[in-house]
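The listed protein sequences correspond, in order, to chains A and B. Take the first sequence: its position 341, counting from 1, is numbered 341 in this note's numbering, and each next residue is one higher. Count along the second sequence from 1, then add 450; that gives the number in this note's numbering. What follows is a single structure, written as structure tokens, with notes after it.
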Amino acid sequence: MTTLTDNILPFSDILAAASDNPLGQDLNWLQNMRNANGALYGDMGLPTIKLEDWKYTNLTSLTDTSYRSAIEADGAASIDVMPCVFQKGNPGARLVFVNGMPRLDLSTPDSLPYGVTLEPLAQVALRDPAFLESHMGKVADDKDRSLLALNGAAMNSGYVLHVSKGVVIDSPIEIVFIGGVAEEPLANFPRNLIVLEENSQADIVVHNVGVGVGAYFVNSVNEVSLAQSSRLRMFGVQEDALEATNVSTTCVNVSKDARFSNFNLSLGGRLSRHETYVALQGTGADCKIDGAYLMRGRQHCDNTLRIDHLVPDTSSDVLFKGVLDDESRAVFQGKIVVHRDAQRSDGQMHNKSMLLSDGAEIDTKPELEIYADDVKCSHGAASGHVDETALFYMRSRGIPDAQARNLLIQSFLAQSLDRVTVDLINDALLEKITQWLPATCYRQQEWIEE
Amino acid sequence: MLEISGLHVSVDGKEIIKGLDLKLETGKVHAIMGPNGSGKSTLSYVIAGRDGYEVTAGDILFKGKSIIDLKPEDRAAEGIFLAFQYPVEIPGVANTTFLRESANAVRRYRGEDELDAMQFIRILREKVKELGVSDDLLKRAVNTGFSGGEKKRNEILQMSVLEPSLCVLDETDSGLDIDALKVVSEGVNRLRSPDNTMLVITHYQRLLDYIVPDYVHVLADGRIQRTGGKELALELEQNGYAEFTNAAA
């Protein structure tokens, strides 16, 4: 446990004013939740590198900046060009947040089929507070995670997706968080709930994108509840501004024969940490947690996850791949826990990194903790530099060095991308990766020279 | 076509090529034979410009110009092609994409217009038909999961797409059974012309039954020890390399 003596406690002024937040101000249970979480955060403070889980990711830089909690007025900032991860626009529903606040004028949630609601959290708090009360804090209920507590106390925004029994949504839902459109550093604490009832299906893309240059802070919590035989495929594209700090906690309960998959592409931010906790609660439950991180400069990206196989015949598959340039750093901490009764569990976890420079660093820690005796589990981690023989092979075919390196990075990431089977999203991710590549500009450079 | 004079090459500080002289004539097939460790692969790499193969003395002239300061991609664009002994697998990059990137990179260097996907496919189909390569190889990732024969056929396909004036074939026969060897050799023979030069590097005489050389050079201890006609290969097959390795020692 943390000791009280070396706590760092930024955001205390935000917490002091949390009860004034209009979100759920007249809901007693929500106020109680804020207070209880505020007390937890006050006891723990921000996690420090003295904690085992936080050994490689240092949040002290958050104390360098004084953040103000975003309010509704901050959401009114004007957006010149609407970012979209899909090259040809998204055929599905879209919900846009600016500086953490919902902007219905930029959103198109109306194309959803009957039986689906996608709304800002504040709207649900007014329309159907009972629904919120029965879901909020139920999946993400851990008491010893201070970022979760901070969000629970300071939540100021978020969305709720609710898919009724048997409803299948064809086109991906797009949630866009546009950050950094402000004169001063803002802090956002989105609380997002995703509830899929039996036999329903949805695909959702969460796009975090920064447009400004200054610092901002996002601490989001996603609570995902998947009923029997439902299927959620979630995709994250994180391209926050370079001074931004983005931490998120995603907690998922997967019921019998339900399937959850997640692919997180991390590109932006000064510091990002994505925590994912999946509980496989019913037989036949399955999850696939994937990610790719592409970092340069002095960026830092941390993916930390834990999967609990609680019952027999469940499966999990994890693959994270990353490319690190300059002095960037990535962290992968993954743990698969197979509980005593969870016989015939299948758990796979792999992390591979490609280091483009001597200054880049990966700290990786895939772990298995197995208490059942009939399981099929494996894990592994690897890191390496560009394959010089492959590079020479390509150059000997006339392909310039920079372009050959690009191709080798694409080749390295192909295994990850192949696991994204939704074509529209696969194309979007490939485009983002291609834009990131160190020498994507080679053609442009040549064009300029001409 | 290629003129190597007084060449010394070191790898990791160890001298491998020790004063090599070699002249390759336009329109001819030259074979280099030699025992293991004689510097055969080093010679092919240094012609293609691999990093880490340091020329400490001497020069390599290609069409009269020194190439030792050129990058590998520029040598390729100038018309030098190295068929690898062990072609590299590149998962996730479609063979067609790779071939087109390669062809267009060379075209850009030469100041020619790039080919779009449709134009390129048309040219590629022709080459594929000529060489009897299966269409399937084009769709798959570069060399990934290819058999030994498929990999070598893919090398020959790349060669025919790039239309080089100097082809260096590094131990093309290694890892091939006799049928694959015939197919690959036929491909090479089809690409022979009065305008280009082939340098066939091999340990065994067998390959030279199918790709018949105009000249045979014996490489041992980092130097050309002897040059002769195709009959020299047969002589080596009978007597081995002992004469040369002893002479070198």
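In this text, a Cβ means the ideal position worked out from N, Cα and C, and glycines have one as well. These numbers come from a predicted model, not from an experiment.
Subject >> Gly469 (chain B): first and last residue of the uninterrupted alpha helix (DSSP H) it sits in >> reply: Here the question's residue 469 (chain B) lines up with position 19 in the second sequence. Unbroken run through Gly469 (chain B) is the beta strand (DSSP E), 464-474; no alpha helix (DSSP H).
**OP:** Examine chain B for any beta-carbon lying closer than 9 Å to the beta-carbon of Gln403 (chain A), and answer yes or no.
**Re:** Along the first sequence, read from residue 1 onward, the residue named residue 403 (chain A) stands at position 403. At least one chain B Cβ lies under 9 Å of Gln403 (chain A).
Subject >> For Glu613 (chain B), the first and last residue of its enclosing alpha helix (DSSP H) >> reply: Indexing the second sequence from 1 puts residue 613 (chain B) at position 163. For Glu613 (chain B), there is no enclosing alpha helix (DSSP H), as DSSP marks it with neither H nor E.
Subject >> Chain-ordered residues of the stretch 595-610 of chain B with a beta carbon less than 9 Å from chain A >> reply: Gln608
Original post:
If we ignore side chains and look at the alpha-carbon of each, how far apart do Glu197 (chain A) and Pro22 (chain A) end up?
Top reply: For the purposes of this step, residue 197 (chain A) is taken as residue 197 along the first sequence, with counting starting at 1. For the purposes of this step, residue 22 (chain A) is taken as residue 22 along the first sequence, with counting starting at 1. CA-to-CA, the gap between Glu197 (chain A) and Pro22 (chain A) works out to about 29 Å.
**OP:** Report the three-state DSSP secondary structure of Met33 (chain A) (helix, strand or coil).
**Re:** In the first sequence, the residue the question calls residue 33 (chain A) occupies position 33. Note: Met33 (chain A) maps to helix in three-state DSSP.
**OP:** Give the C-beta separation of Val668 (chain B) and Leu686 (chain B) to the nearest angstrom, bearing in mind that I take them to be a contact with Cβ-Cβ under 8 Å.
**Re:** Along the second sequence, read from residue 1 onward, the residue named residue 668 (chain B) stands at position 218. Along the second sequence, read from residue 1 onward, the residue named residue 686 (chain B) stands at position 236. Indeed, because the Cβ distance is near 7 Å, the residues count as touching under 8 Å.
Original post:
Residues in its own chain within less than 6 Å of Ala332 (chain A) by CB, not counting five upstream and five downstream?
Top reply: Position 332 of the first sequence, counted from the first residue, corresponds to residue 332 (chain A). Per the sequence shown, the amino acid found at residue 332 (chain A) is Phe instead of Ala. Once the five neighbours on either side are set aside, the close Cβ partners of Phe332 (chain A) are Asn303, Phe320, Asn351, Thr364.
Original post:
Can the beta-carbon of Met177 (chain A) be found closer than 9 Å to that of Asn199 (chain A)?
Top reply: Position 177 of the first sequence, counted from the start, is the residue given in the question as residue 177 (chain A). Position 199 of the first sequence, counted from the start, is the residue given in the question as residue 199 (chain A). Reading the sequence as shown, one finds Phe at residue 177 (chain A) and not Met. Taking 9 Å as the Cβ cut-off, Phe177 (chain A) and Asn199 (chain A) do not qualify as a contacting pair.
Subject >> Check whether Pro541 (chain B) and Ala414 (chain A) have beta carbons under 9 Å apart >> reply: Residue numbering aside, residue 541 (chain B) sits at position 91 when the second sequence is read from its first letter. Residue numbering aside, residue 414 (chain A) sits at position 414 when the first sequence is read from its first letter. A contact, by the Cβ cut-off of 9 Å.
Subject >> Beta-carbon neighbours of Lys521 (chain B), restricted to chain A and to distances below 9 Å >> reply: For this step, residue 521 (chain B) is matched to residue 71 along the second sequence. Neighbours of Lys521 (chain B) on chain A, chain order: Arg395, Pro400, Asp401.
Original post:
Does any C-beta atom of chain A lie closer than 9 Å to the C-beta of Ile466 (chain B)?
Top reply: In the second sequence, the residue the question calls residue 466 (chain B) occupies position 16. So, not an interface residue.
Original post:
In terms of DSSP beta bridges, what is Ile510 (chain B) paired with?
Top reply: In the second sequence, residue 510 (chain B) corresponds to position 60, counting from 1. Answer by DSSP bridge pairing, in chain order: B:Ile454.
Original post:
Around the C-beta of Arg673 (chain B), are 16 or more other C-beta atoms found within 10 angstroms, so that it is buried, or is it exposed?
Top reply: On the second sequence, residue 673 (chain B) is found 223 positions in, with the first residue counted as 1. With 16 or more Cβ atoms within 10 Å of its Cβ, Arg673 (chain B) is classed as buried.
**OP:** Quick one: grab the DSSP three-state call for His339 (chain A).
**Re:** For this step, residue 339 (chain A) is matched to residue 339 along the first sequence. If DSSP states are grouped into helix, strand and coil, His339 (chain A) belongs with coil.
Subject >> Backbone secondary structure at Leu193 (chain A) - three-state DSSP >> reply: Position 193 of the first sequence, counted from the first residue, corresponds to residue 193 (chain A). Here Leu193 (chain A) sits in strand by DSSP.
Original post:
For Ala390 (chain A), which residues in chain B fall below 9 Å Cβ to Cβ?
Top reply: Walking along the first sequence from the start, residue 390 (chain A) turns up at place 390. Going along chain B in sequence order, the residues near Ala390 (chain A) (Cβ under 9 Å) are Val538, Glu539, Ile540.
Subject >> Three-state secondary structure (DSSP) of Arg397 (chain A) >> reply: Mapped onto the first sequence, residue 397 (chain A) falls at position 397. Coil.
Original post:
By the criterion of Cβ-Cβ separation under 8 Å, what are the contact partners of Asp501 (chain B) in chain A?
Top reply: Position 51 of the second sequence, counted from the start, is the residue given in the question as residue 501 (chain B). By Cβ distance, chain A contributes Glu388, Phe392.
Original post:
With 16 as the cutoff for other CB atoms within 10 Å, does Glu450 (chain A) come out buried or exposed?
Top reply: Translated into the one-based positions of the first sequence, residue 450 (chain A) becomes position 450. Only weak support is given to the placement of Glu450 (chain A): the predicted model assigns it a pLDDT of 34, under 50, and the value that follows is read from those uncertain coordinates. In this structure Glu450 (chain A) is exposed. Its beta-carbon is surrounded by fewer than 16 other beta-carbon atoms within 10 angstroms.
**OP:** Take Arg231 (chain A) and list the residues in its own chain whose beta-carbon comes closer than 6 Å to its own, dropping the five residues that flank it on each side.
**Re:** Residue 231 (chain A) sits at position 231 when you count from the first residue of the first sequence. Cβ neighbours of Arg231 (chain A) beyond the five flanking positions: Gln201, Arg259.
**OP:** Mind the definition here: the stretch 451-461 of chain B touches the stretch 494-509 of chain B only if three or more C-beta pairs lie below 8 Å; say whether that holds.
**Re:** yes
Original post:
With 9 Å set as the bound, which would you pick, yes or no: does the beta-carbon of Glu551 (chain B) sit closer than that to a beta-carbon of chain C?
Top reply: Absence of chain C from the displayed structure is noted, the protein chains being A and B.
Original post:
Just checking, does the stretch 270-279 of chain A make contact with the stretch 428-435 of chain A on the three C-beta pairs under 8 Å criterion?
Top reply: no
Subject >> Separation of Leu267 (chain A) from Phe548 (chain B), as counted between CA atoms >> reply: Numbered from 1 along the second sequence, position 98 holds the residue referred to as residue 548 (chain B). Numbered from 1 along the first sequence, position 267 holds the residue referred to as residue 267 (chain A). Taking the CA atoms as reference points, Phe548 (chain B) sits about 26 Å from Leu267 (chain A).
**OP:** List the residues of chain B that Leu407 (chain A) touches, going by C-beta distances under 8 Å, in chain order.
**Re:** On the first sequence, position 407 is the one that residue 407 (chain A) refers to. What Leu407 (chain A) touches in chain B: Ile540, Val543, Phe548, Glu551.
**OP:** Tell me, please, whether the CB atom of Gln87 (chain A) is closer than 9 Å to any CB atom in chain B?
**Re:** What you label residue 87 (chain A) is simply residue 87 of the first sequence in a count that begins at 1. Judged by the 9 Å Cβ criterion, Gln87 (chain A) is not in contact with chain B.
Original post:
To which residues of the same chain is Glu693 (chain B) closer than 6 Å at the C-beta, ignoring the five residues directly before and after it?
Top reply: On the second sequence, residue 693 (chain B) is found 243 positions in, with the first residue counted as 1. Excluding positions up to five away in sequence, the list is empty.
Subject >> Secondary structure of Thr677 (chain B), DSSP reduced to three states >> reply: Locating residue 677 (chain B) in the second sequence gives position 227, where the first residue counts as 1. In the structure shown, Thr677 (chain B) sits in a strand (DSSP, three-state: E or B).
Original post:
Is it the case that the Cβ atoms of Ser345 (chain A) and Cys377 (chain A) are separated by a distance below 9 Å?
Top reply: Residue 345 (chain A) sits at position 345 when you count from the first residue of the first sequence. Residue 377 (chain A) sits at position 377 when you count from the first residue of the first sequence. In contact: Ser345 (chain A) and Cys377 (chain A) (Cβ atoms closer than 9 Å).
Original post:
Is the stretch 156-168 of chain A touching the stretch 25-45 of chain A in the sense that three or more CB pairs, one from each, lie closer than 8 Å?
Top reply: no
Subject >> Status (buried if at least 16 other CB within 10 Å, exposed otherwise) for Gly679 (chain B) >> reply: Residue mapping note: residue 679 (chain B) aligns to position 229 of the second sequence, counting from 1. The residue is exposed, with fewer than 16 neighbouring Cβ atoms inside 10 Å.
**OP:** Give a yes or no on whether the C-beta atoms belonging to Val538 (chain B) and Tyr393 (chain A) are separated by under 9 Å.
**Re:** Sequence index remark: in the second sequence, residue 538 (chain B) carries index 88 (1-based). Sequence index remark: in the first sequence, residue 393 (chain A) carries index 393 (1-based). Yes, they are a contact pair.
Subject >> Secondary structure of Ser220 (chain A), DSSP reduced to three states >> reply: Within the first sequence, numbered from 1, the residue matching residue 220 (chain A) stands at position 220. If DSSP states are grouped into helix, strand and coil, Ser220 (chain A) belongs with the strands.
Original post:
Is there a Cβ from chain A that is less than 9 Å from the Cβ of Leu658 (chain B)?
Top reply: Residue 658 (chain B) sits at position 208 when you count from the first residue of the second sequence. Not closer than 9 Å to any Cβ of chain A, the Cβ of Leu658 (chain B) fails to qualify, so no.
Original post:
DSSP three-state call for Gly109 (chain A): helix, strand or coil?
Top reply: Position 109 of the first sequence, counting from 1, holds the residue named residue 109 (chain A). According to the sequence provided, residue 109 (chain A) is Pro. The question's Gly does not apply to it. In this structure, Pro109 (chain A) counts as helix in the three-state DSSP scheme.
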